[in-house]
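Here's the structure we're looking at; comments come further down.
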Amino acid sequence: MNGQNRSDIYPGLEVDIILKKDQRTGTLTRGFVKRLLTSAAYHSRGIKVQLDDGQVGRVAWIVEEDDF
Numbered sequence: 172m173n174g175q176n177r178s179d180i181y182p183g184l185e186v187d188i189i190l191k192k193d194q195r196t197g198t199l200t201r202g203f204v205k206r207l208l209t210s211a212a213y214h215s216r217g218i219k220v221q222l223d224d225g226q227v228g229r230v231a232w233i234v235e236e237d238d239f
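The sequence shown begins at 172 in our numbering and counts up by one.
The following block contains the structure:
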């Protein structure tokens, strides 16, 4: 599931994000959402979040149980 809808994302959710420094390469960083930073209900490039480890980026993909 992509990360464009704010209603699909909540604290504790495991996601893959694209950090600002990785926008050109598309390298994904996996982590758990600490807080949501985008207030809009939808964002075409992904909802911006902060992970538990403090990294900030836009959600590219929501990790689901069957993604492993």
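For each residue, glycine too, the CB sits at the ideal point set by N, CA and C.
- Taking 8 Å as the cut-off, the beta carbon of residue 187 is found closer than this to the beta carbon of residue 234.
- Here residue 229 carries a strand assignment [DSSP, helix/strand/coil].
- In this chain, the beta strand (DSSP E) harbouring residue 187 covers 185-190.
- Residue 175 has its alpha-carbon roughly 19 Å from the corresponding atom of residue 195.
- In the structure shown, residue 216 falls within a coil segment according to DSSP collapsed to helix, strand and coil.
- Between the beta-carbon of residue 198 and that of residue 177 there is about 24 Å, and that puts the pair past the 8 Å contact cut.
- Rounded to the nearest whole angstrom, the CA to CA distance from residue 227 to residue 236 is 23 Å.
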